[in-house]
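Some notes on the structure that comes next.
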Amino acid sequence: MIDIQNISKWYGTFQVLTDCTTSVTKGEVVVVCGPSGSGKSTLIKCVNGLEPVQQGKITVEDFEVTARGTNLTKLRARIGMVFQHFELYPHMSVRENLCLGQQKVLGRSRDEANAKAEALIDRVGLLPHIDKFPGQLSGGQQQRVAISRSLAMDPIAMLFDEPTSALDPEMINEVLDVMVELAREGMTMMVVTHEMGFARKVADRVIFMDEGHIIEDRQTEAFFGNPESDRAKDFLSKILNH
Amino acid sequence: MNYNWNWGVLFEEEYLGWLISGVGWTFSVALVAWVLALAVGILVGVGRTLPSRPVALLCTTYVEIFRNVPLLVQLFLWYFVLPEIVPSDMGRWMKRDMPNPEYVTAVVGLGLYTASRVAEQVRAGINAVGGGLTSAAYANGLSTAQTYRYVLLPISFRLIVPPMTSEFLTIFKNSSLALTIGLLELTAQSQQIAEYTFQGFEAFTAATVIYVVIALCATVIAQILERHTKIPGFVGKA
Amino acid sequence: MGDFDLSVIIDNLPFLWQGLQLSLLLTFLAVVGGIVLGTLLALMRLSGILPLSLLSAGYVNLIRSVPLILVIFWFYFLVPLALGRPIGGFYSALIAFVMFEAAYYSEIIRAGIQSVRQGQVHAGQATGLNYWQIQRYVVLPQAFRNMVPILVTQGIILFQDTSLVFVVSLRDFMTVSSIVARTEGRLAEMYVFAALVYFVICFAGSLFVRRLQKAKTA
């Protein structure tokens with residue numbers, strides 16, 4: 001479904017991604033991990049065109065993201081993205097956050113959008129808060145709302161950019177639980193994260209990146225049980241010792 | 001200090017009439033210029049943040065030109081120079097047949113000058129909203145226009161209410177410059193009274209008091225606006 | 001539109017230069033005076049002594065509510081009266097500008113002082129320094145270093161403000177330009193020239209400020 005071929009990206013003269021190739025098939029859950037500055041967030045932002053690439057090709061279903069003239073707006077309506085800092089619209093209530101995209105981009109009626117919003121918010125257990133503003137919610141609550149906001153668009157795939165990195169430890173699990181459930185329902189997911197427990201539980205594959213290169217791209221158990229590269233071994237030993 | 005006090009002169013028929021007329025012109029110039037400033041300023045401010053390079057450059061040029069020339073010089077350019085450099089028919093109309101040329105010039109000059117300042121506030125407000133929210137809006141499938149309309153502009157307008165009310169007050173103060181092209185607004189009238197009656201203290205105090213009252217009203221309006229536009233729990237990255 | 005006659009400008013260059021010198025001199029003196037008085041006002045405001053604080057706040061808010069032209073008229077009227085004798089226009093104007101700009105500078109300086117971390121003040125207190133010493137040796141040096149770009153920007157604004165001495169016919173660059181314009185009957189050339197001169201100076205100033213700001217964050 002998501003096909004990334006030989007992409008390279010520069011910020012000025014600094015090369016942030018070098019010849020990255022990978023893919024995500026329908027229903028697969030792929031975790032992207034690696035040290036800071038490895039380019040994993042950048043990679044995921046290239047998938048829905050938030051970041052342009054200078055070389056290479058990215059396709060999502062029948063959209064060629066890297067081609068000129070592609071209607072990126074249409075593509076982004078079909079892929080959901082969850083950000084590290086939640087990025088809910090602060091001047092709108094939870095309900096309005098979920099309905100905006102549905103009404104203005106998908107053209108749904110107000111009642112349709114509302115019904116969907118309520119159903120999704122209820123699934124993450126936040127229905128009593130639906131008319132509150134993001135500033136009145138905790139970080140974990142905001143992130144769950146953010147996930148629901150993306151789901152409201154009925155996406156074919158979901159991208160997660162370090163969804164739990166900005167959360168206090170006691171709130172990480174409530175968000176991960178939502179993501180696990182999503183994975184078990186068959187959503188195609190590409191997740192940048194440090195949460196290896198999550199990876200072991202639901203990821204089909206793990207991609208390890210370092211300094212803009214994809215170093216390893218293997219089945220989950222194979223990666224954790226027997227990492228091939230020294231950098232991956234080093235990284236895992238540091239992370240798993242918490 | 002050798003001075004004869006006579007506060008009563010302010011309430012004499014003629015001079016009171018001058019003061020009231022001056023206040024009227026001040027308000028008139030300031031308010032109409034403010035509308036013009038908002039209309040143009042918001043467009044230019046948004047234009048500076050748009051991804052299109054030529055548009056952004058055009059708007060930046062506008063702001064730099066209007067910011068780096070004193071308002072007095074700008075007014076003179078509009079009033080004295082413009083009629084000379086447009087086609088002679090139009091120039092003649094401007095000099096002779098246009099109703100109230102001092103007023104129109106003051107409004108246009110003050111409005112476009114203030115627009116450049118409004119543009120800067122709007123730009124700062126949009127930039128303060130932050131790239132993360134913009135990315136989120138795009139990721140949600142919103143187009144550029146929709147992102148501006150539903151996310152960037154609503155939030156940035158709320159953020160810039162305090163500096164904007166300051167601009168609103170400034171336009172009242174700057175309206176005094178219209179006296180240099182002959183518009184008898186409040187400051188001009190107070191000076192007239194001072195010259196006619198030699199009661200400078202009283203005359204200038206009257207003008208001062210009126211400006212202070214205007215400033216106080218602007219502050220009250222600002223506080224009311226701020227209370228109504230507060231986003232619960234949002235602090236903003238000003 | 002007739003011909004653009006540059007000779008008007010060239011012939012009157014010495015006269016115009018005199019006017020510009022006055023504008024620059026007025027600006028410089030008013031900046032210095034404004035910063036000195038502004039700092040005093042800011043310190044008064046932050047001193048915690050109620051009467052000083054109220055006096056400063058009252059003054060600043062009063063000045064910031066009224067137009068500069070009115071303040072110029074005030075001082076032109078008031079200063080000779082207070083001194084009991086006529087005084088040169090330049091001095092009345094200078095006093096007016098210092099009193100006016102000090103209010104604006106005091107707000108900038110007050111913000112600058114408040115931007116210095118409380119921890120710094122505590123460190124000074126812990127060493128046994130008193131309020132004025134802490135301000136002089138710890139807070140103000142840091143505050144001013146942070147504020148240099150904004151102070152310069154305010155200086156550029158002040159330079160533009162000096163054009164207003166036109167209303168009392170003090171012979172600054174603006175007044176001189178308009179005198180030449182009227183006597184030679186060449187309004188367009190003179191006012192466009194004046195606009196260009198102001199633009200070049202102010203724009204150059206703003207570029208300088210931008211470099212200062214980059215140096216600060218480097």
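Protein chains in written order, with full-length UniProt numbering: chain A, 1 to 242; chain B, 1 to 238; chain C, 1 to 218.
Cβ atoms here follow ideal geometry from the backbone N, Cα and C, with glycine treated the same way.
Note that this is a predicted model, so its numbers are computed, not measured.
The count of Cβ pairs closer than 8 Å, one atom from the stretch 94-112 of chain C and one from the stretch 40-52 of chain C, reaches three, so the stretches are in contact. Here the stretch 165-173 of chain B makes contact with the stretch 214-226 of chain B; the two share three or more CB pairs at distances below 8 Å. For the stretch 123-140 of chain A, the set of positions with a beta-carbon nearer than 9 Å to some beta-carbon of chain B reads K132, F133, P134, G135, Q136, L137 in chain order. Only G132, L133, S135, A136, A137 from the stretch 125-137 of chain B bring a Cβ to less than 8 Å from some Cβ of chain A. Restricting attention to alpha helix (DSSP H) runs no shorter than 4 residues, the stretch 113-149 of chain B encloses them at 131-139, 144-147, ordered along the chain. Residue environment for C/S163: buried (at least 16 other C-beta atoms within 10 angstroms of its C-beta).
Taken atom to atom, the span from the alpha-carbon of A/T13 to that of A/Q54 is near 12 Å. Between the C-alpha atoms of C/V32 and B/N68 there is a straight-line separation of about 22 Å.
Annotation for A/M81: the continuous beta strand (DSSP E) segment containing it runs 79-82.
Nearest to C/A96 by C-alpha distance, out of C/R85, C/P80, C/R110, is C/P80. For B/N174, the three-state secondary structure derived from DSSP is helix.
It is roughly 25 Å from the alpha-carbon of A/S138 to the alpha-carbon of B/T147. For the set B/R96, B/L110, B/L43, B/E84, the Cα lying nearest the Cα of B/V32 is the one of B/L110. For A/W10, the secondary structure class from DSSP, reduced to helix, strand or coil, is strand. Under the DSSP definition of a beta bridge, A/C33 partners with A/F208. Beta-carbon to beta-carbon, A/R205 and A/T220 are separated by about 6 Å, close enough to satisfy the 8 Å threshold.
Neighbours of B/Y150 across chain A, judged by C-beta separation under 9 Å: Y89, M92, L100, K104. Chain-ordered, the chain B residues with CB closer than 8 Å to the CB of C/F203 read E64, N68. In the three-state reduction of the DSSP assignment, A/F133 falls in the coil class. Within chain C, the residues placing a beta-carbon under 8 Å from that of B/L77 are Y191, V192, A195, ordered along the chain.
Residue-level contact check: B/I160 does not touch chain A, since none of the beta carbons of chain A fall below 8 Å from its beta carbon. By the neighbour-count criterion, in which a residue is buried when 16 or more other Cβ atoms sit within 10 angstroms of its Cβ, C/W17 is exposed. Nearest CB-CB separation between B/I231 and chain A: below the 8 Å threshold.
Two segments are said to touch when three or more pairs of C-beta atoms, one from each, lie closer than 8 Å; by this definition the stretch 70-83 of chain A touches the stretch 149-164 of chain A. Beta-carbon to beta-carbon, A/L17 and A/I2 are separated by about 15 Å, too far to satisfy the 8 Å threshold. Secondary structure note for C/V31: its alpha helix (DSSP H) is the uninterrupted segment 13-46. By the Cβ neighbour-count rule, A/L240 is exposed, with fewer than 16 other Cβ atoms within 10 Å of its own.
Taking B/T165 as the centre and dropping the five residues before and after it, the same chain places the C-beta of A218, T219, I221, A222, L225 closer than 8 Å to its C-beta, in chain order. Interface with chain A (8 Å Cβ-Cβ cutoff): B/L43 is excluded. A/R218 carries a strand assignment under DSSP once its states are collapsed to helix, strand and coil. The continuous beta strand (DSSP E) containing A/K57 extends over residues 55-60. Along the stretch 51-82 of chain C, the positions whose C-beta sits under 7 Å from a C-beta of chain B are L62, S65, V66, P67, I69, L70, F73, W74, F77, L81, A82, read in chain order. DSSP places A/T66 outside both helix and strand once states are collapsed to three, so it counts as coil. Within the same chain, Cβ atoms closer than 7 Å to the Cβ of A/R78 are found at P155, I156, the five residues on either side in sequence being excluded. Neighbourhood of B/S52 in chain A, by CB distance below 7 Å: empty, with the nearest CB roughly 16 Å away. Boundaries of the alpha helix (DSSP H) harbouring A/D230: 230-239, taken from the DSSP string.
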